[in-house]
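These notes are about the structure you will find just below.
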Amino acid sequence: MTNNTTHFGYKTVSEDDKVHEVAKVFHSVASKYDVMNDLMSGGLHRIWKTFTIAQAGVRPGFKVLDIAGGTGDLAKAFAKQAGKSGEVWLTDINESMLRVGRDRLLNTGLITPTLLCDAEKLPFPDNYFDRVSVAFGLRNMTHKDQALAEMRRVLKPGGKLLVLEFSKVAAPLQKPYDLYSFSVLPWLGQKIAGDAESYRYLAESIRMHPDQDTLKTMMETAGLEGVKYFNLTAGVAALHTGIKY
Amino acid sequence: MKKFLVAMMLTVSALSLIGDAIARPMGGGRSFGRQSSSVSQMRAPAPAPSQQYARPNAPVGSPYAAPAAPVKQPSRFGGMLGGALGGALLGFGLGSLFGHGGGMGGGGGILPLILLAVAAFFIYRWFRNRGTSSNARNQAYSNQAYAGNATPEIGSGINAGSNQGYQPSAYEPVQPVPAAIETPHTPWGVPAGFDADSFLRSAKSSFIRMQAAWDKGDVADLNLFTSPEVFAELKMQIQERGAQKDFTDVVSIDAQLLGIETANNEYLASVQFNGMIKPAPDALPEPFAEVWNMTKPVNGSSGWVLAGIQQIPK
């Protein structure tokens, strides 16, 4: 047990506890994750992911690592684009989520390597992947700087990192967005997944996550270059991309 | 106008092709290798149950008890013999239909024989229920390599009248067959405690992987997952097609474990695959459905291999 502390939503917990708490949240929501995503974002998460997939520009034969791939939305698209000569890894630190993703890929005729692993200690060699993606996962990581450095390490020179994450919404939308996040979201979570607490964590963790510019700086500090971001739906989410040279 | 007519004709013929299209996965859409008699009987009652038997509403106890025993249901013909005769007559009718329908290739000749065998099985079971000799058994299983080893206690009803192939939801609720209790054979079901989910996941992976190996003509990979008999057949088909590669893109796949039998010191698991495949890169996905019979030695000396592919009748 380490003595360092970090945030879990608005709570301050020890780093080890955060890992367990995050795991608990995703074990709890795994089976209804997609339904809830659709409901909570009004289907917007699909558009955000489609944009991310387009920005990734995966071509046949590419090696792609999808971190915190969860239910496999990105990995599924990447696997189709990379084709039979490509290599797309679906990874997540949460077994329940990974199980759902693995089965879903299999049901669409895709066999991809599926791996339970910690993004802060990636079990891959240096300079291996053409693309690394993490969608709605970085927020839950305890040491984001370490995770970003690992992502850079496994990228080939010229490879691209894509980070899709909730971000800081534009100022005029702040109030309605807060109302939605802290009232509607947990209520929806309770009604549909029977779990208000996990969705309260979701709202809180979004607020604690670095805003667009802070994350951009973090990616640059991790050694990525040409970092830019795209605000999606007025900053509700943002896609950050960076290249390793 | 002429162009329009040509376009219309092309459209109509294309649409009729779509209507008839059944995709052909590895093996060319044929049955070969080990065949499960229990699966064979899925075709036995054909449209008879849905058209002639009353549908009992009793719930089914076990998911794998789903295959029904339609011959035990009351029939308009009255009694078991009526059912058997009805099945036989229907068999002849369908047989002649396919036989003269054209476009069925060699299948037209085999189908009546299969239906005859099935009708023979009905008669056998009727005799057996009456406590007569077991001579009929050989007759019923004459087309099975392991006759008598896997007597299915639970038959199955298929709503073949729908023309959409075999559909699990069309199963009739189960009525246990009393005669089955006295047979020493393994029931056609899944042993308690068997991890069907993991098994089916592996089966789906094998299916997808083997389609890829089949497309490439990678006989070494096929060899890893097939029995010698199936491997020989697949290798022959690959040699027949020569340098030409096949294309089978599995778009969606679902698997259902129909049952596990024990015969000749081997487990025989019948897995029904349903889904959509694209037979060409630009083609539309087409439905497919077939049963893979997978075997594994009872002593566990090796893993599951594909021992036979069995087509599901329409």
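Taken in order, these protein sequences are the chains called D and R.
Anchor point for the first sequence: position 104 equals 156 in this note's numbering, and the numbering is continuous, going up by one each time.
Anchor point for the second sequence: position 122 equals 225 in this note's numbering, and the numbering is continuous, going up by one each time.
Just so you know, even glycine gets a beta-carbon here, dropped at the ideal spot from N, CA and C.
- Minimum Cα-Cα distance from Val186 of chain D among the listed residues D:Met271, D:Arg151, D:Asp69, D:Asp230 corresponds to D:Met271.
- Using a CB distance below 8 Å, the part of the segment 345 to 361 of chain R facing chain D consists of Asp352, Val353, Val354, Ser355, Ile356, Asp357, ordered along the chain.
- In the three-state DSSP reduction, Val293 of chain R falls in the coil class, being neither helix nor strand.
- Ile412 of chain R is positioned such that its CB atom lies no closer than 9 Å to that of Gln375 of chain R.
- Within the same chain, and ignoring the five residues on either side of Gly287 of chain D in sequence, the residues whose Cβ sits closer than 6 Å to its Cβ are Ser219, Lys220, Val221, Ala222.
- Where Arg127 of chain R is concerned, there is no enclosing alpha helix (DSSP H), because DSSP gives it neither an H nor an E.
- As the crow flies, the alpha-carbon of Ala129 of chain D is around 30 Å from that of Thr273 of chain D.
- Here Asn192 of chain D is buried: its Cβ has 16 or more other Cβ atoms, across all protein chains shown, within 10 Å.
- The DSSP-derived three-state label of Val77 of chain D is helix.
- Your pair Val408 of chain R and Phe328 of chain R checks out as a contact, with CB atoms roughly 6 Å apart and the cut at 8 Å.
- Among the residues of the segment 156 to 185 of chain D, those with a Cβ less than 9 Å away from any Cβ of chain R are Leu158, Asn159, Thr160, Gly161, Leu162, Ile163, in the order of the chain.
- The C-alpha of Gly345 of chain R is placed about 15 Å away from the C-alpha of Ala335 of chain R.
- Taken through DSSP and simplified to helix, strand or coil, Tyr180 of chain D comes out as coil.
- Per DSSP, Met397 of chain R is one residue of the beta strand (DSSP E) stretching across 389 to 400.
- Within chain R, Ala315 have C-beta atoms less than 8 Å from the C-beta of Lys136 of chain D, given in sequence order.
- Within chain D, Arg154, Asp155, Leu158 have C-beta atoms less than 9 Å from the C-beta of Arg304 of chain R, given in sequence order.
- Of the residues assessed, Met397 of chain R falls on the buried side of the cut-off, its CB having 16 or more other CB atoms within 10 angstroms.
- By the Cβ rule, the segment 93 to 105 of chain D does not count as touching the segment 135 to 153 of chain D, because fewer than three pairs are nearer than 8 Å.
- Under the DSSP definition of a beta bridge, Lys307 of chain R lacks any partner.
- Put simply, the backbone Cα of Ala316 of chain R is about 14 Å away from that of Lys307 of chain R.
- When DSSP states are grouped into helix, strand and coil, Gln413 of chain R belongs to the strand group.
- In the same chain as Ile295 of chain D, and ignoring 5 residues on each side of it, the C-beta atoms closer than 6 Å to its own belong to Lys212, Glu277, Gly278, in chain order.
- Following the DSSP letters along the chain, one finds Val279 of chain D inside the beta strand (DSSP E) bounded by residues 277 to 284.
- For Ile363 of chain R, the enclosing beta strand (DSSP E) starts and ends at 352 to 366.
- Between the alpha carbons of Gly378 of chain R and Val354 of chain R lies a distance of about 7 Å.
- In the three-state reduction of the DSSP assignment, Thr102 of chain D falls in the helix class.
- Taking C-beta atoms as the reference points, Asn159 of chain D and Val74 of chain D fail to come closer than 9 Å.
- The continuous alpha helix (DSSP H) containing Tyr229 of chain D extends over residues 226 to 231.
- If you check each beta-carbon in the segment 308 to 335 of chain R against every beta-carbon of chain D, the ones closer than 7 Å belong to Ser308, Ile311, Arg312, Ala315.
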